[in-house]
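One line per chain: the protein sequences are R and D, in this order.
Numbering-wise (this note's numbering), the first sequence opens with residue 18 and increments by one.
Numbering-wise (this note's numbering), the second sequence opens with residue 109 and increments by one.
For glycine and all other residues, C-beta sits at the position ideal for the given N, C-alpha and C.
From a predicted model like this one, the values you see are computed outputs, not experimental measurements.
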Amino acid sequence: MKHFAALYTAIDGTTRTNPKVEALAHYLSTAPEPDRLWTVALFSGRRPKRAATTTELRRWAGEIAGLPDWLVEDSYAVVGDLAETLALLLPDSEDGTDGGTLSDWLTRLAALAGQPEDIRRAAVAEAWSHLGGTERFLFNKLITGGFRVGISRKLMTRALARATGQEEAEIALRLMGDWTPATTTWDQLILSNDMDADTARPYPFCLAHGLDMAPQDLGPPDDWHAEWKWDGIRGQLIVRSRQHHLWSRGEELMTDRFPEFAVTSDFLPDGTVIDGEVLAWADNAPLPFADLQKRIGRKTVPKKLLAEAPAMLLAYDLLEDGGQDIRALPFAGRRARLERLTVALPDTVPIRLSPALPFTDWKTLADTRATARDQRAEGLMLKRADSAYATGRKRGDWWKWKLDPLSIDAVMIYAQAGHGRRANLYTDFTFAVRDGEALVPFTKAYSGLTDEEFGQITQWVRQNTLQRFGPVRQVTPTHVFEIAFEGIQASPRHKSGIALRFPRMARWRHDKTVADAGTLDELKALLALYG
Amino acid sequence: MTRAPVLTVTDRGLFCPAGDFHIDPWHPVDRALITHGHADHARPGSARYLSTDLCAPVLFHRLGNITLETAPYDRQIAIGGATVSFHPAGHVPGSAQIRVEVGGEVWCVSGDYKTEADGLSTPFEPVGCHTFITECTFGLPVFRWRPQAELAAEINGWWRQARADGQTPVLGAYALGKAQRLLCLLDRQRGPVLTHGAIETTTEILRQQGIPLPPTILITPDTKIADHPGAIVLAPPSAFGSAWMGRLGPITTGFASGWMQLRGIRRRRGGDRGFAISDHADWPGLNAAIAATGAERVLVTHGYTDSFARWLTEQGYDAAPLETRYGGDEAEADAS
């Protein structure tokens, strides 16, 4: 594992992109092929089989280090990363031996999965006693999964392209889909010419930047296509070989969660791939996101839920037509084909064309955008009519023109330390609005402040703690923040009776005191308007 | 009848009623006993100060024209009904623990301390006492320092690599103590050591009081880095990201602090490298120091007080957190 550890150290040791890509490209052209394959799998979020639960790991490490459970937990709360916490708590290794390559270790771990606890504990303890420093931390990472090391998908694609001399878009496509190191080889995944083997393979999603200029600077309206930016789950529906597959943008296969799309393979021709938004839908309109949310976490869907929140795909784009990859065609051409395809579908097939919003001047379109909330949309999407379907996030052709968020001024009442990069900083806050003399908590928020502001608030929290509940500190209600959010819903699960969508701190209102904060009545008025 | 405690916490700091003095007060008082010169322990405005003689030059520099008495380590001084003495804390040059005895009962205030000898500060000596007030900045078992020699080799390796890459390494360190400790660890065969003004000033003060320190070159507006091939730069954390650093040309940055033990904090600081080298005791150091005092009662301050007090209670001590304002300035603690 020394080579993998050296790669990790090189990546972790810099915040700059190019050295990271260089280190990874070097590794991907020199490491043994099974290790390369595993590295690509790990860095793209594919996890090995679990040899132990995190609960077991904590217990075992505590026992070996002679520390009580609560102290392991307290340490974890400060370090913010379990693999790192355990690596630091355990006694120094006896010899710092390596124990084989990355794939050797992964093979060993895979063999442990499902074994009785005493066997797994002995194997893990043995590894801990030999592996030192970074290797031990990485070993823990392999078990706990979630390998976030500051290598984005884009950077890995670039490194792979550099290491193999292929185009980035080609690599991005190869990495998509449902493969694991057990089902493929380095050669098959990255190098072979025969890519058709995987009929479920999705295309990399084309993503948009937020519009950061005046829309009239985009040029003549004729060059652009506008449509609603729906608030659901971005999805890719594939019909090939008489089978359908539904992928999320996070490359999760959602086919079983949305059984309504089973009919699509009877009506769409083979070799069809549609990019769209999955929404909960009734009476020709989207249901609130909260209804869709009920279905997201479920692997199987009870009948009642299917009836309450039926799914619909609002089709944005056509990526494959008659088995041909048409992503390079101009958007207008792809859209025309999509229209022909969807217009022929009976109403019983849960696919609708996402309507175009024709406009002749930007002012009219701005007025349309202002009504997005009435449509339960987040705003508009703008797509250049002659643009290809790009791989990933590319500036210039696609823009999100979202509505300005809703907002309310709220008082911070609880604080909790963050994890990972934000360990040891108070970054997770609970906010309240006024209700007469009382303060009613209504949302949490974690983002929106600068590191410097988080530093300031952290000092303040330490000195103004009223009470501690485990890792949570109740603080003197003092600081007011403007909370921005995208939507508001009634929620019986929350004390305030409301739930927000995408809440974050827009501003620290140093100019306001608790008496200036918003009220529960204001929130209820927003709920009545936009809920 | 229970006796009055030897020390209590008032809104101004740790107070000894029998001797009518405060230790490291955070607001002005009549008489202040100072453990060491860091800003969260030595604050301005008190009428009279008492410190070790080694600590005095830094106090004059930082607090201005104060009324200061000094004493060598171990000398017993009667103040009112109390007897006090200073004992080496090993934190920075001149730093002390303060022993306070009233009517046969002995308390000891650790100030900040570390148990590993750094070759510069007078090494830590345990003080037998009934009650020990200890810092616990790094009072969790994830904090275990590697030996100083290993860290020195790592820092010198980084310097060598930077030179090979055509970069100037800039090492961030607190101006009093840590900077001079690093200065002594740097392998000057590799090149000269350049300093930021804040570090040069403190270094010069320590030199003038007779502490032997390797030569340094102050960076002035006229300094050209190219004239000092292979140089390393020592700078306080506050200089990072400033215009001052922009003038140094191609650089690679490192921080030397106990907090660098944690990957999250290493990444947040945005430096290229982090070296977990601290002037505070690590977990084994804290536990060993407490055991060596023979104290039955331990009051913990400044750090992970709740966790550490609970741990000590489980080990059989009568332990509790003590709310103070030391290290309240955690931004500074980040550089510890």
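message = So, under 8 angstroms CB-CB, Lys461/R and Asp445/R are touching, yes? Tell me the CB distance rounded to an integer number of Å.
response = 7 angstroms
Legend entry - Per-residue contacts from Glu422/D into chain R (C-beta, under 8 angstroms): Pro85
task = Closer than 7 angstroms by beta-carbon distance: list the chain R residues that pair up with Trp419/D, in chain order.
result = Leu88
Any heavy atom of the ligand ZN closer than 6 angstroms to the CB of Leu374/R?
The ligand ZN is not part of this structure, which contains no ligands at all.
Note to self: Which same chain residues end up closer than 8 angstroms to Pro363/R when comparing Cβ atoms and leaving out the 5 residues on each side of it in sequence?
What the structure shows: Phe284
Quick one: does Glu103/R have its CB under 7 angstroms from some CB of chain D? Per the sequence presented here, residue 103/R reads as Leu, with Glu not at that position. By this cut-off, Leu103/R is not an interface position.
message: So within the segment 159 to 230 of chain D, which uninterrupted beta strand (DSSP E) runs reach at least 3 residues, ignoring any that extend past its ends?
response: 176 to 179, 185 to 187, 190 to 196, 204 to 210, 213 to 217
Exercise. With a 10 Å radius around its C-beta and 16 neighbouring C-beta atoms as the bar for buried, classify Arg344/R as buried or exposed.
Key: buried
Item to complete: Would you mind giving the Cβ-Cβ distance between Gly252/R and Trp264/R, rounded to the nearest angstrom? I have them listed as a contact below 8 angstroms.
Response: 6 angstroms
Endpoints, beta strand (DSSP E) assigned at Pro429/D
426 to 429
Does the beta carbon of Val250/D sit closer than 7 angstroms to a beta carbon anywhere in chain R?
yes
To test your reading of the DSSP string, which unbroken alpha helix (DSSP H) runs of 4 or more residues are found completely within the segment 146 to 231 of chain R? 150 to 161, 170 to 181, 185 to 192
- Message: On the CB-based measure, 16 or more other CB atoms within 10 Å of its CB, does Pro249/D come out buried or exposed?
- Response: buried
According to the Cβ coordinates, are Ala180/R and Ser46/R closer than 7 angstroms? yes
* To do: Please report the residue range of the alpha helix (DSSP H) in which Thr359/R lies.
  => 348 to 360
Tell me the rounded alpha-carbon separation between Ile255/R and Pro286/R.
10 angstroms
Exercise. Take the Cβ of Pro133/D as the centre, count every other Cβ of all protein chains shown within 10 Å, and call the residue buried at 16 or more, exposed below.
Key: buried
- Task: Give me the Cα-Cα distance between Ala441/D and Ala306/D, rounded to the nearest whole angstrom.
- Result: Only weak support is given to the placement of Ala441/D: the predicted model assigns it a pLDDT of 40, under 50, and the value that follows is read from those uncertain coordinates. Each residue's alpha carbon lies about 17 angstroms from the other.
Review point. For Phe275/R versus Ala189/R, is the C-beta spacing smaller than 7 angstroms?
Key: no
Worksheet item: Which full runs of the alpha helix (DSSP H) of 4+ residues lie inside the segment 231 to 260 of chain D, going along the chain?
Response: none
- Message: Taking its Cβ as the centre, do 16 or more other Cβ atoms sit within 10 Å of Ser218/D, making it buried, or is it exposed?
- Response: buried
- Rounded distance between the beta-carbons of Val478/R and Ala432/R, thought under 8 angstroms: 5 angstroms
- Message: For the structure I just gave you, are there three or more beta carbon pairs, one from the segment 318 to 336 of chain R and one from the segment 285 to 299 of chain R, closer than 8 angstroms?
- Response: yes
Using a Cβ-Cβ cutoff of 8 angstroms, what residues of the segment 356 to 380 of chain D are near chain R? List them in chain order.
Trp367, Gln369, Leu370, Arg371, Gly372, Ile373, Arg375, Arg376, Gly378, Asp380
Please tell me whether Ala27/R has its Cβ less than 7 angstroms away from any Cβ of chain D. no
_For Leu291/D and His195/D, I'd like the C-alpha separation in whole angstroms._
25 angstroms
For the candidate residues Gln288/D, Phe168/D, Tyr412/D, Leu326/D, whose alpha-carbon lies nearest to that of Ile319/D? Gln288/D
Checklist entry - Using a beta-carbon distance below 7 angstroms, is Ala443/D in contact with chain R? => result Its pLDDT being 36, under 50, Ala443/D is placed unreliably in this model, and the coordinates cannot settle the point.
- Which chain R residues are close to Ser415/D, counting only those with a beta carbon under 7 angstroms from its beta carbon? Leu88, Asp91
Do you know whose CA, among Ala403/D, Glu404/D, Gly382/D, lies nearest Leu279/D's CA? Gly382/D
List the residues of chain R whose Cβ lies closer than 8 angstroms to the Cβ of Tyr412/D, in chain order.
Asp91, Val95
CA-to-CA distance, Phe232/D to Leu84/R, given in whole angstroms:
27 angstroms
If you measure between the beta carbons of Leu224/R and Arg412/R, is that distance less than 7 angstroms? no
| said: Against chain B, does Asn35/R count as a neighbour if the rule is that its beta carbon must be under 7 angstroms from one of theirs? | reply: Among the protein chains in the structure shown, which are R and D, there is no chain B.
- Item | Sub-7 angstroms separation of Asp128/D and Gly188/D beta-carbons | yes
Under a CB-based cut-off of 7 angstroms, is Leu106/R close to chain D?
yes
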